[in-house]
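Peer 1:
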Amino acid sequence: MREIPEDYIKDLAIRFSHHSTALEGNTLTLAETAVLLLEGITPSRSVHKREIFEIESNARTLEVVLQELNEPTELTEFIIKKIDYFIGESTVTFAGEYKKLNNYIVGAEFQTAKASETAEVMAEFVVDYNKALKETGQLFETIAEYHIKFEKIHPFSDGNGRTGRMLNALVALKHDRLVREDIYSI
1 MREIPEDYIK DLAIRFSHHS TALEGNTLTL AETAVLLLEG ITPSRSVHKR
51 EIFEIESNAR TLEVVLQELN EPTELTEFII KKIDYFIGES TVTFAGEYKK
101 LNNYIVGAEF QTAKASETAE VMAEFVVDYN KALKETGQLF ETIAEYHIKF
151 EKIHPFSDGN GRTGRMLNAL VALKHDRLVR EDIYSI
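If you read the sequence shown in full-length UniProt numbering, its first letter stands for residue 1, the second for the next number, and so on.
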């Protein structure tokens, strides 16, 4: 794994944290996210503490993901649970643990995996994902396919979207596919 430039990591943390949480209703702007993560200054306007925690947790989770890049291991349930733990550590009661109650996605025309089946379904998901990554040769298509599968399982009580997006980043980075050399010199 090549060294990732520090300016790239900072930019990724800001943009990824902003956009991943904004998708779920976080109101911090990109500029406010940058000031929060780079200087530790919260917005002067009134924002919910949860929004601050979501941004900070997302950035900390990215640090965890970057540490995983040096590990030679394949994707595991432990890594996925670890990502969810750090994503939800400040906002979710059972962060890093599979859901204990059935859940659903508002507006979806399918049912997520039952809580009682989640551990088994996730074990199968990890095996299949690792196999697909080795066999298909189509990295981004595989990431997209398994992101959809992950979200349909919806294995955690909360944070599934942010966890899924962070998982996508991990897989892409492990395959050396996120750093753009035309923007960041190495």
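For glycine and all other residues, C-beta sits at the position ideal for the given N, C-alpha and C.
Under 9 Å between the Cβ atoms of residue 187 and Asp-158?
Peer 2: Outside the displayed range of the chain (1 to 186) lies residue 187, so it cannot be described from this structure.
Peer 1: Taking the continuous alpha helix (DSSP H) assigned at Val-106, which residues delimit it?
Peer 2: By 1-based counting over the sequence shown, the position of residue 106 is 106. Careful: Val-106 lies outside any alpha helix (DSSP H) and carries neither H nor E.
Peer 1: Among the residues of its own chain, which have a CB less than 7 Å from the CB of Thr-42, if the five just before and after it don't count?
Peer 2: Taking the sequence shown and counting its residues from 1, one reaches residue 42 at position 42. Closer than 7 Å at Cβ, skipping near neighbours: Leu-36 and Ile-52.
Peer 1: Buried or exposed: where does Arg-165 fall if 16 or more other Cβ atoms within 10 Å of its Cβ makes it buried?
Peer 2: Mapped onto the sequence shown, residue 165 falls at position 165. Buried, by the Cβ-count rule.
Peer 1: Quick one: grab the DSSP three-state call for Phe-86.
Peer 2: For the purposes of this step, residue 86 is identified with residue 86 of the sequence shown, where counting begins at 1. Here Phe-86 sits in helix by DSSP.
Peer 1: When the Cα of His-147 is compared with those of Glu-135, Asn-160 and His-19, which residue comes out closest?
Peer 2: Numbered from its first residue, the sequence shown carries residue 147 at position 147. Residue Asn-160 is the option with its Cα nearest to His-147.
Peer 1: Does DSSP put Asp-7 in a helix, a strand or coil?
Peer 2: Mapped onto the sequence shown, residue 7 falls at position 7. Three-state result, Asp-7: helix.
Peer 1: Which residues mark the beginning and the end of the alpha helix (DSSP H) in which Ala-172 is found?
Peer 2: Position 172 of the sequence shown holds residue 172. That run of the alpha helix (DSSP H) goes 160-174.
Peer 1: Let me check one thing: in DSSP terms, what residues is Leu-156 bridge-paired to?
Peer 2: For this step, residue 156 is matched to residue 156 along the sequence shown. Sequence check: residue 156 is Phe here, not Leu. Bridge partners of Phe-156: Tyr-98.
Peer 1: Have a look at Gly-40, Phe-86, Leu-75 and Ala-115 and flag the residue whose alpha-carbon is nearest the alpha-carbon of Leu-62.
Peer 2: Counted from its first residue, the sequence shown places residue 62 at position 62. With distances taken between Cα atoms, Leu-62 lies closest to Phe-86.
Peer 1: Taking the C-alpha atoms as reference points, what is the distance between Ile-105 and Ala-169?
Peer 2: Taking the sequence shown and counting its residues from 1, one reaches residue 105 at position 105. Taking the sequence shown and counting its residues from 1, one reaches residue 169 at position 169. Answer to the nearest angstrom: the Cα atoms are 22 Å apart.
Peer 1: Output needed for Thr-73: all residues of its chain with C-beta closer than 8 Å, excluding positions within five of it in sequence on either side, in chain order.
Peer 2: Taking the first residue of the sequence shown as position 1, residue 73 is located at position 73. Excluding positions up to five away in sequence, the list reads Ile-79.
Peer 1: If contact is defined by three or more beta carbon pairs under 8 Å, each pair taking one atom from either stretch, is the stretch 96-105 in contact with the stretch 138-154?
Peer 2: The stretch 138-154 vs the stretch 96-105: in contact.
Peer 1: At what residue ranges does the stretch 6-56 contain a whole run of the beta strand (DSSP E), taking only runs of 3 or more?
Peer 2: None, since the stretch 6-56 contains no complete beta strand (DSSP E) of that length.
Peer 1: What first and last residue would you give for the alpha helix (DSSP H) that runs through Thr-118?
Peer 2: Within the sequence shown, residue 118 is the residue found at index 118, counting from 1. From DSSP, the alpha helix (DSSP H) with Thr-118 extends over 118-135.
Peer 1: From Leu-28, Asn-70 and Glu-117, pick the residue whose C-alpha is nearest to that of Glu-3; which is it?
Peer 2: As a position in the sequence shown, residue 3 is number 3, starting the count at 1. Of Leu-28, Asn-70 and Glu-117, the residue nearest in Cα terms is Asn-70.
Peer 1: Looking only at its own chain, which residues have a Cβ that is under 7 Å from the Cβ of Thr-136, when we skip the five neighbours before and after it?
Peer 2: Within the sequence shown, residue 136 is the residue found at index 136, counting from 1. The answer, listed in chain order, is Thr-142.
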